[in-house]
Amino acid sequence: MQNVEKMTIALSPEMVSMVKEAVESGDYVSSSEVVRDALRLWKSYQASRLQEIEALKALWQQGVESGSGRFSSMDQIKAEARRLAAAED
């Protein structure tokens, strides 16, 4: 392992139990390995979340740039929704 820095963290009793169970089950060699894996997963989740946010921003911008929609009132939207629902039946 490359440079390693020790850190003290505080966990809830439930989280401590989860870490201990992961090590005792043999899934991980140490509690440090559990935490490192959790941080890798968190980093991946954050990157994925950022991509989703950027995709939503792009879609929002496309919508703004596309101009006005087909419907100008909530009544028109509801009528279209009812029409589509009836067509599915």
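Read in order, the letters of the sequence shown are residues 0 to 88 in numbering that gives the first Met the number 0. Don't be surprised by glycine CBs; every beta carbon is placed ideally from N, CA and C.
{"Check": "Three-state secondary structure (DSSP) of Y44", "Outcome": "helix"}
{"Check": "Alpha-carbon spacing of F70 relative to I76, whole angstroms", "Outcome": "6 Å"}
{"Check": "Touching by the beta-carbon criterion (3+ pairs, under 8 Å), the segment 16–30 and the segment 41–56", "Outcome": "no"}
{"Check": "Whole-angstrom C-beta distance between V28 and V18, which should lie under 8 Å", "Outcome": "About 12 Å separates the two Cβ atoms, so there is no contact after all."}
{"Check": "Start and end residues, alpha helix (DSSP H) containing M17", "Outcome": "12–23"}
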